[in-house]
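K.L.:
Let me begin by handing over the structure; questions about it come next.
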Amino acid sequence: MKRMLFIIPWSEFYIGNTDCNFTDEPERAPEGVVGLATYLKAHGILVKIADMQRMLRCNKGDDNQTLNDLWSICQSFNPEVIGFSFFTARFQYASHIFKYITGRFQKKKLERPLMIAGGVHPTLLPENTLSYIPFDAVIIGEGEIPLLQLLSGVRMEKIKGVFFLGKLSMEKADVISNLDELPFPDWNLVDKEFYTQPSHQISNTDIHKVMPITFGRGCMYRCNFCAHNCFLYARCHSSEYFINKMKWVSHQCGVDTFIVQDSSIGNFRDIWSEVCIKLIKLGTPYKWWANLRVNQVDENFLRLLKQAGCIKLFFGFKSGSQHILDKMNKRITVEQCRQTALLCHKIGIPFYSSYIVNYFDETEEDLELTAQLILETKPTSLAINIFSPVPGSIDYDKNISIIEPYIKNIHDWTKLGMLNLPLLFGNMSQERFGYWYNYLRNLKKYINAHETIIGK
Ligand code: SF4
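Sequential numbering of the sequence shown, starting at 1, is according to UniProt numbering.
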């Protein structure tokens, strides 16, 4: 039987961090990799996941110990294929771990397994990935079909979605169009006790034992700053499958609270309404948090969500300035944000609103409008994110010439992934931008909102 080891690299935040309790610094369980590994397992592949972020945290930030632990896993499991999955913010750590692992194989004069990469960064920038890390190949797009072919012995050059230096064509992988064909995730492949520790993942006032659960992949919108749908086309599970998946994860992990992973439950509103009706018939056994676009909101829908167990909604309000929203191609209005907030307050659904600042041509007047919208809408949780064009987004493609001079090494890619490049896109000085950023973040005090920083 073929053996594949998945490696999830750690993020910068936890290196040397000896004191981060899960309640206040929760971690979203890696459903993507677990789902992929489960799929391969269901097809007869022996799989293992080295979840290095969890390992690093459990080792109190000791990265050397964590690498030693990884080597022990490699020795005992003896994989034929090692697959790294990472996004841009973890690119540099993937490189570090790759060097360590290949070095250990070399030192011991052992045959090295096939080393491949997948996930967001390798998919979006396959050649860039290979220019920094000499993987044998990268997977472009969703991994189920190409990985299964690879592990079944199909030659790499024949597999759509597998790219390596010297291959002439670069195509995205074929995808499983009916998501209901996927097996339910086997959470025993990672340390589920770690991920189900009670935390403030959903609320700053209450703690929940919570697990993520995917309803759909992709998004039918194309906001200029977002990379969400660059390689996924929008589709979702049937309501029946999804309810059974909730039951499965609840039973396997001992949780009754979920974070629904989807770009917006309103993208497939009819199917999500069916999910709600079925949950209500079951006696509303679960609590859940989901993303929703403000242009998909109305009172009846919100009431249905609440009755079906919704305890929080996430909205990307993004800006209080209509011209900035239009520039983002967000396809919502400031008025829709206001109405959504009013309805949430009326019906009693806590909500999270996220904003982007430093967008192209943004002026102080635009930021003043954003401040007004925050004060007016009084979100339960607030995030103010500094804009930086991320790979895979339209904004990135249009502005490569501006970004490239700032990226001189792999560490700069991490900065880009963490939205930390020192690029000013708005129409104001650095000093004025600093003032506005702090001012907006401080507004949480006046509306009693919990601030959430995204991007660890
Ligand atoms: S920001 Fe949200 S709605 Fe817009 S493309 Fe991304 S996931 Fe879709």
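All C-beta atoms in this analysis are idealised placements derived from N, C-alpha and C, irrespective of residue type, glycine included.
Examine the ligand SF4 and report whether any of its heavy atoms sits within less than 7 Å of the Cβ of Cys-219.
P.N.:
Yes, the ligand SF4 has a heavy atom inside 7 Å of this Cβ.
K.L.:
Measure the beta-carbon distance from Phe-351 to Thr-333 and round it to whole angstroms, keeping in mind my assumption that it falls under 8 Å.
P.N.:
Not a contact, Cβ separation roughly 17 Å.
K.L.:
Between Glu-193 and His-200, what straight-line distance do the alpha-carbon atoms span, to the nearest angstrom?
P.N.:
Computed Cα separation, rounded: 16 Å.
K.L.:
What do you reckon, is the C-beta of Ser-388 under 7 Å from a heavy atom of the ligand SF4?
P.N.:
The answer is no for Ser-388.
K.L.:
Put Met-428 into one of helix, strand or coil per three-state DSSP.
P.N.:
Met-428: coil per DSSP, three-state reduction.
K.L.:
Given that a residue counts as buried once 16 or more other Cβ atoms are within 10 Å of its Cβ, and exposed if not, what is Thr-340?
P.N.:
With 16 or more Cβ atoms within 10 Å of its Cβ, Thr-340 is classed as buried.
K.L.:
Taking the alpha-carbon of Gly-161 as reference, which of Asn-188, Ile-133, Trp-187 and Leu-124 has the nearest alpha-carbon?
P.N.:
Closest option to Gly-161, Cα to Cα, is Leu-124.
K.L.:
Give me, in chain order, the residues of the same chain whose beta-carbon lies closer than 8 Å to that of Phe-86; leave out the 5 immediate sequence neighbours on both sides.
P.N.:
Ile-8, Pro-9, Tyr-93, Ala-94, Ala-117, Gly-119, Val-120, His-121 and Pro-122, listed in sequence order.
K.L.:
Quick test of the definition: if touching needs 3 or more C-beta pairs under 8 Å, does the stretch 169-177 touch the stretch 24-32?
P.N.:
Judged by Cβ distances under 8 Å, the stretch 169-177 makes no contact with the stretch 24-32, as fewer than three pairs qualify.
K.L.:
Quick one, are the C-beta atoms of Val-33 and Ala-227 less than 8 Å apart?
P.N.:
Against a cut-off of 8 Å, the Cβ pair of Ala-227 and Val-33 comes out as no contact.
K.L.:
Excluding the 5 residues flanking Ser-353 on each side, which residues of the same chain have their C-beta closer than 7 Å to its C-beta?
P.N.:
For Ser-353, where only same-chain residues beyond five positions count, the Cβ hits under 7 Å are Phe-315, Phe-317, Thr-377, Pro-379 and Leu-382.
K.L.:
Give the straight-line distance between the Cα atoms of Pro-79 and Met-115, rounded to the nearest whole angstrom.
P.N.:
Cα-Cα distance, rounded: 10 Å.
K.L.:
Please report the distance separating the alpha-carbon of Gly-455 from that of Leu-40.
P.N.:
Because the pLDDT at Gly-455 is just 36, under 50, the model does not fix this residue reliably, and the value given afterwards should be weighed accordingly. Computed Cα separation, rounded: 29 Å.
K.L.:
For the structure I just gave you, are there three or more beta carbon pairs, one from the stretch 269-279 and one from the stretch 231-246, closer than 8 Å?
P.N.:
Contact between the stretch 269-279 and the stretch 231-246 is present, because at least three Cβ pairs lie under 8 Å.
K.L.:
Quick check on the DSSP output: the beta strand (DSSP E) that includes Tyr-221 runs from which residue to which?
P.N.:
Careful: Tyr-221 lies outside any beta strand (DSSP E) and carries neither H nor E.
K.L.:
With a CB to CB cut of under 7 Å and the five nearest residues on each side skipped, what residues in its chain are close to Pro-183?
P.N.:
These residues qualify, in order along the chain: Thr-38, Tyr-39 and Ala-42.
K.L.:
Tell me whether Ile-453 is buried or exposed, calling it buried when 16 or more other Cβ atoms sit within 10 Å of its Cβ.
P.N.:
Note that Ile-453 has pLDDT 43, beneath the 50 cutoff, so the model's placement of it is unreliable and no number is given.
K.L.:
Taking the alpha carbon of Ile-384 as the point to measure from, which residue in Thr-363, Gln-252, Val-47 and Val-357 has its own alpha carbon closest?
P.N.:
Out of Thr-363, Gln-252, Val-47 and Val-357, Val-357 has the C-alpha closest to the C-alpha of Ile-384.
K.L.:
When you compare each of Gly-166, Lys-60, Leu-165 and Met-4 to Cys-152 by their alpha carbons, which one comes out closest?
P.N.:
The residue asked about is misnamed: residue 152 is Ser in this sequence, not Cys. For the residues Gly-166, Lys-60, Leu-165 and Met-4, the minimum Cα distance to Ser-152 belongs to Met-4.
K.L.:
Taking only runs of the beta strand (DSSP E) that begin and end inside the stretch 42-122, which ones reach a length of at least 3 residues, in chain order?
P.N.:
Complete beta strand (DSSP E) runs here, min 3: 46-51, 81-85 and 114-118.
K.L.:
Does the distance between the C-beta of Cys-226 and the nearest non-hydrogen atom of the ligand SF4 fall short of 7 Å?
P.N.:
Yes, Cβ of Cys-226 sits closer than 7 Å to a heavy atom of the ligand SF4.
K.L.:
With burial defined as no fewer than 16 other Cβ atoms inside 10 Å of the residue's Cβ, what is the status of residue 459: buried or exposed?
P.N.:
The chain is shown from 1 up to 456; residue 459 falls before or after that span and cannot be answered.
K.L.:
Beta carbon of Gly-153: closer than 7 Å to some heavy atom of the ligand SF4?
P.N.:
Outside the cutoff, so no.
K.L.:
Ser-263: beta carbon under 7 Å from a heavy atom of the ligand SF4?
P.N.:
Indeed, a heavy atom of the ligand SF4 lies less than 7 Å from the Cβ.
K.L.:
Please find out if some non-hydrogen atom of the ligand SF4 comes closer than 7 Å to the beta-carbon of Arg-293.
P.N.:
Yes, the Cβ of Arg-293 comes within 7 Å of a heavy atom of the ligand SF4.
K.L.:
For Lys-346 and Gln-307, what's the separation of their Cα atoms in angstroms?
P.N.:
When rounded, the distance between both Cα atoms is 14 Å.
K.L.:
Could you check the C-alpha separation between Cys-337 and Ile-101 for me, to the nearest Å?
P.N.:
If I take the Cα positions, the gap works out to 49 Å.
K.L.:
Tell me where the alpha helix (DSSP H) around Trp-413 begins and ends.
P.N.:
It spans 410-417 - the alpha helix (DSSP H) in which Trp-413 sits, taken as one unbroken run.
K.L.:
What are the partner residues of Val-162, as DSSP defines its beta bridges?
P.N.:
For Val-162, which the question treats as bridged, DSSP gives the partners Ile-139.
K.L.:
Please specify which runs of the beta strand (DSSP E), each continuous and at least 3 residues long, are wholly inside the stretch 317-402, giving them in chain order.
P.N.:
Those beta strand (DSSP E) runs which fall completely within the stretch 317-402 and span 3+ residues are 351-357 and 381-386.
K.L.:
For the alpha helix (DSSP H) that Pro-26 lies in, which residues bound it at each end?
P.N.:
Here Pro-26 belongs to no alpha helix (DSSP H), and DSSP marks it neither H nor E.
K.L.:
Going by the CB atoms, is the gap between Phe-433 and Leu-443 shorter than 8 Å?
P.N.:
No; because the gap between Cβ atoms is not below 8 Å, this pair is not in contact.
K.L.:
Considering only residues of the same chain and omitting the five flanking positions on each side of Val-294, which have a CB-CB separation below 6 Å?
P.N.:
Closer than 6 Å at Cβ, skipping near neighbours: Phe-315, Ile-332, Gln-336, Cys-337 and Thr-340.
K.L.:
Among the candidates Arg-90, Gly-426, Ile-400 and Ile-45, whose CA atom is the shortest distance from the CA of Asp-361?
P.N.:
Closest option to Asp-361, Cα to Cα, is Gly-426.
K.L.:
CB of Gly-316 to nearest heavy atom of the ligand SF4: below 7 Å?
P.N.:
Correct: Gly-316 has its Cβ closer than 7 Å to the ligand SF4.
K.L.:
Under the three-state reduction of DSSP, which class applies to Cys-226: helix, strand or coil?
P.N.:
Correct three-state label for Cys-226: coil.
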